[in-house]
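Numbering (full-length UniProt numbering), first residue to last: 1 to 68. Glycine included, every Cβ here is placed at the ideal spot set by N, Cα and C. Okay, so here's the structure we're looking at.
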Amino acid sequence: MRQTDRQTDRQTDRQTDRQTDRQTDRQTDRQTDRQTDRQTDRQTDRHTDRQTDRQTDRQTDRQTVYSD
């Protein structure tokens, strides 16, 4: 009887450990994904802003040259 109880306890402990590990992994993965998404979004925003600024500057330069 004692052996069976010990085996059951060990098995339960292992399952609980695995579940906890999986849950922790999922949480970490989600946080990492969110952080990566934020960084990518910021980079994309900066890139878009730079391109827009350059295009606006070029257009303004052209207009200035033509109006002179």
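Q. Could you give the distance in angstroms between the alpha-carbon of D49 and the alpha-carbon of D37?
A. Put simply, the backbone Cα of D49 is about 18 Å away from that of D37.
Q: Spell out whether any CB of chain C is found under 9 Å from the CB atom of D21.
A: The chain labelled as chain C is not found in the depicted structure, where only one protein chain is given.
Q: Alpha carbon to alpha carbon, how far is Q7 from V16? Give it in angstroms, no decimals.
A: Looking at the sequence itself, residue 16 is Thr, so the reference to Val does not match. Their Cα atoms are separated by approximately 14 Å.
Q: Would you kindly work out how many angstroms separate the C-alpha atoms of D25 and Q51, rounded to a whole number?
A: 38 Å
**Q.** Pairwise C-alpha distance: R42 and V65
**A.** CA-to-CA, the gap between V65 and R42 works out to about 34 Å.
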